[in-house]
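**Student:**
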Amino acid sequence: MLKELKMNLHYTHKPNYYFYAHKLVLFLENHVKKHPSDVQETFNLNTIYDLFDHDFASSSTNLEGILNIVDEYVIETETGREALVAQYRISLDNHILTLSFNPNAVTRLIQGQTITYPKAA
């Protein structure tokens, strides 16, 4: 019976993409404020794994879905709403996530503009 219970818990686990996207945006916001001149940053996926409370699926297979939600977090700039992350590349073979930041969004964030959060479904 214990084995059966463990299997049910394993298969009923559903990651909360919006929660992890929010955690990632807060992490990136803090990072950008500390390193405003970095227009591109590479993170080891172990960092993301730790950030996502050791949820392996969310920090690997499901990471692209989470990053799609991160795209919905925007900052008002002089040219309109722009996402903080302009591009991303996931390399599971090398265990890295490379992010390119939107320079206009970074500038406005450093100036004190707040990030507009998406409405969760």
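Residues in the sequence shown are numbered consecutively from -5, following the numbering used here.
Using N, Cα and C, we set each Cβ at its ideal position, and we do this for glycine too.
Report the three-state DSSP secondary structure of LEU18 (helix, strand or coil).
**Tutor:** helix
**Student:** Is it the case that the Cβ atoms of VAL26 and VAL100 are separated by a distance below 7 Å?
**Tutor:** Going by C-beta atoms, VAL26 is nearer than 7 Å to VAL100.
**Student:** Which residues share a DSSP beta bridge with VAL79?
**Tutor:** PHE95
**Student:** Please name the residue, chosen from TYR12, ASN24, LEU18, ASN10, that lies closest to GLY106 on a Cα-to-Cα basis.
**Tutor:** ASN24
**Student:** Given a threshold of 16 other Cβ atoms within 10 Å of its Cβ, counted over all protein chains shown, does TYR111 qualify as buried or as exposed?
**Tutor:** exposed
**Student:** Quick one: using the 10 Å Cβ neighbour count with 16 as the cut-off for buried, is LEU20 buried or exposed?
**Tutor:** Burial call: exposed.
**Student:** Which complete beta strand (DSSP E) runs does the stretch 20 to 87 hold, if anything under 3 residues is left out?
**Tutor:** 34 to 38, 68 to 71, 74 to 77, 79 to 85
**Student:** Give the secondary structure of THR110 by DSSP, where H, G and I count as helix, E and B as strand, and everything else as coil.
**Tutor:** strand
**Student:** Do LEU39 and SER52 have their beta-carbon atoms positioned less than 7 Å apart in this structure?
**Tutor:** Taking 7 Å as the Cβ cut-off, SER52 and LEU39 do not qualify as a contacting pair.
**Student:** Answer yes or no: do GLU76 and ILE69 have a C-beta to C-beta separation smaller than 7 Å?
**Tutor:** Yes, these two residues count as a Cβ contact at 7 Å.
**Student:** Bridge partners of ILE90, per DSSP?
**Tutor:** When DSSP reads this structure, ILE90 sits in a beta bridge with ASN38, SER85.
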